[in-house]
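When you number the sequence shown by the numbering used here, it's gap-free, plus one each residue, and the end is 400. Remarks on the structure that follows.
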Amino acid sequence: MNSTSLKILIVDDEPANRILLERFLKNTGHQARSAGNGEEAIRLFRDKTPDLVIMDVMMPGMSGHEVTRQFRELSKERWIPVIMTSGLDSPEDQIEGLQAGGDDYIVKPINLSILRYKIQAMQRIAAMQNALFEALQTLKQHQDKTEKEIGLAQYMMRQLTRNQDLADQGIGHLNMPAGAFSGDVVSVVRTETGRQYLLLADVTGHGLSSALNAIPLVEAFFEFAESNASLEILCRGINSRLNRILPPGYFVAAILVAIDPDLSTIQVWNGGLPPALFMTAGGDVVRDWHSRHLALGILKDNEFDASIETMTWTMPGQVIMFTDGLVEATAADGEVFGEVRLTKILGDAAADDRLVQVGLGLTTFLDGVAPHDDISLVTIDCD
Numbered sequence: 018m019n020s021t022s023l024k025i026l027i028v029d030d031e032p033a034n035r036i037l038l039e040r041f042l043k044n045t046g047h048q049a050r051s052a053g054n055g056e057e058a059i060r061l062f063r064d065k066t067p068d069l070v071i072m073d074v075m076m077p078g079m080s081g082h083e084v085t086r087q088f089r090e091l092s093k094e095r096w097i098p099v100i101m102t103s104g105l106d107s108p109e110d111q112i113e114g115l116q117a118g119g120d121d122y123i124v125k126p127i128n129l130s131i132l133r134y135k136i137q138a139m140q141r142i143a144a145m146q147n148a149l150f151e152a153l154q155t156l157k158q159h160q161d162k163t164e165k166e167i168g169l170a171q172y173m174m175r176q177l178t179r180n181q182d183l184a185d186q187g188i189g190h191l192n193m194p195a196g197a198f199s200g201d202v203v204s205v206v207r208t209e210t211g212r213q214y215l216l217l218a219d220v221t222g223h224g225l226s227s228a229l230n231a232i233p234l235v236e237a238f239f240e241f242a243e244s245n246a247s248l249e250i251l252c253r254g255i256n257s258r259l260n261r262i263l264p265p266g267y268f269v270a271a272i273l274v275a276i277d278p279d280l281s282t283i284q285v286w287n288g289g290l291p292p293a294l295f296m297t298a299g300g301d302v303v304r305d306w307h308s309r310h311l312a313l314g315i316l317k318d319n320e321f322d323a324s325i326e327t328m329t330w331t332m333p334g335q336v337i338m339f340t341d342g343l344v345e346a347t348a349a350d351g352e353v354f355g356e357v358r359l360t361k362i363l364g365d366a367a368a369d370d371r372l373v374q375v376g377l378g379l380t381t382f383l384d385g386v387a388p389h390d391d392i393s394l395v396t397i398d399c400d
């Protein structure tokens with residue numbers, strides 16, 4: 018909309034009224050088009066949307082009320098001011114015109130001085146509305162672009178982490194991102210010898226920044242795991258790469274696990290995550306692995322501690338790991354979900370139903386409150 022000149026559509030079945038208004042509007046610097054009935058008005062409106070409409074209420078065929086309703090349907094995304102004109106001057110008539118979609122009401126015969134100031138008032142309002150509309154359109158374009166970028170990043174992370182392989186390897190995974198993109202990473206490698214490596218990581222930050230920082234983590238994990246490296250070498254190699262690549266202040270809390278089914282051994286390195294558990298099919302916790310190390314990426318190689326803990330299992334069970342977003346999930350009253358509640362839900366559930374029960378329990382606990390951090394829970398069957 019031009020700040021001084023408006024495209025104004027006049028709708029009136031009286032030729033004299035149309036001529037008078039057209040001449041007046043052109044003399045005041047506006048562009049005027051006119052229609053003698055509702056059908057012609059709708060055609061002109063569709064052909065070139067006006068900035069403002071002066072609408073006669075009483076017309077043969079379609080009334081001004083009906084035409085105004087049609088205009089509102091045709092311009093749902095934009096507000097087009099409509100000034101109703103009529104010889105009917107009762108409050109009820111004016112209310113009916115406004116309810117039909119009119120923005121102002123002038124009783125005939127039209128006082129042109131009043132009309133001039135009403136147009137100026139509508140012009141100011143329309144200018145603000147158009148500025149808002151343009152800002153919303155710009156925001157929508159940015160939002161669409163961001164959503165496309167997030168979708169691309171999600172696809173790339175799925176390909177990098179190979180999460181589609183989890184279910185095929187006896188691994189269950191529950192994930193609830195705090196935003197559009199999760200900073201929690203789960204990856205698994207099973208070597209030709211049957212040895213299984215698993216990574217659960219909580220990357221600093223949220224959204225795309227955490228996704229970018231997860232790329233060197235995942236690449237290093239697959240590189241060392243697929244070469245059948247020892248868990249100590251794998252941990253040291255990942256830490257060295259992250260320490261070299263990540264920006265200052267960024268790090269990765271992680272649990273790295275190596276399982277050898279032939280020897281029935283589980284090796285664990287925990288740096289900065291809640292304790293991993295070994296839980297029997299009956300729900301007893303027979304071993305836990307608390308964090309004994311700083312998160313990956315903080316220490317130089319000569320300062321890094323790659324020592325691991327080893328367990329031999331003698332009965333079927335599951336290794337269970339989770340990020341702090343799960344136990345720190347907070348309800349509306351400030352209560353946290355907590356490790357005690359989590360362990361009880363896990364212990365009470367059948368082994369193949371634990372993820373479902375934790376998901377249900379967490380949803381009930383939060384009762385509609387969005388998690389403030391990414392949430393991940395992983396189970397690994399050890400038969």
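Beta carbons are placed, not taken as given, at the ideal position from N, Cα and C, and that holds for glycine.
Ordered along the chain, which non-local residues of its own chain (more than five positions away) have a Cβ less than 8 Å from that of residue i?
i	result
Ile100	Leu69, Val70, Ile71, Met72, Gly119, Asp120, Asp121, Tyr122, Ile123, Leu132, Lys135, Ile136, Met139
Expressed to the nearest angstrom, what Euclidean distance is found between the alpha-carbon atoms of residue i and residue j?
i	j	result
Ile36	Ala52	11 Å
Leu383	Gly222	22 Å
Trp286	Ala148	57 Å
Gly189	Val353	24 Å
Val269	Thr327	22 Å
Leu311	Thr380	31 Å
Gly355	Pro233	31 Å
Ser227	Leu115	53 Å
Val375	Gly254	34 Å
Gly288	Leu313	7 Å
Ala49	Pro388	56 Å
Glu83	Glu56	10 Å
Lys43	Gln146	24 Å
Glu113	Ile97	18 Å
Is it the case that the Cβ atoms of residue i and residue j are separated by a distance below 8 Å?
i	j	result
Asn54	Gly78	yes
Trp306	Ala298	no
Met338	Ile392	no
Val206	Ala231	no
Ile25	His47	yes
Pro291	Asp341	yes
Asp219	Gly200	yes
Asn260	Leu316	yes
Thr163	Ile127	no
Using a C-beta cutoff of 8 Å, does residue i count as contacting chain C?
i	result
Ile131	The chain labelled as chain C is not found in the depicted structure, where only one protein chain is given.
Mapping DSSP to helix, strand and coil, what is residue i?
i	result
Phe41	helix
Ser130	helix
Glu326	strand
Ile431	Examination of residue 431 is not possible in this model, given that the chain is present from 18 through 400 alone.
Tyr267	coil
Asn147	helix
Val74	coil
Leu251	helix
Thr210	coil
Ile315	coil
Asn287	strand
Gly355	coil
Gly196	coil
Going along the chain, which residues of its own chain have a beta-carbon closer than 6 Å to the beta-carbon of residue i, five neighbours each way excluded?
i	result
Ala275	Tyr214, Leu248, Gln284
Arg304	Phe295, Met328
Ile362	Gln374, Val375, Gly378
Leu177	Val235
Gly300	Gly364
Pro194	Asp391
Quick one: residues in its chain with C-beta nearer than 7 Å to the C-beta of residue i, no 5 flanking neighbours on either side, listed in chain order?
i	result
Gln87	Ile59
Ala368	Ala298, Gln335
Phe62	Leu26, Phe88, Leu91
Since I believe residue j is in contact with residue i (beta carbons under 8 Å), could you give me their beta-carbon distance rounded to a whole number of angstroms?
i	j	result
Arg258	Ala237	5 Å
Phe241	Ile250	6 Å
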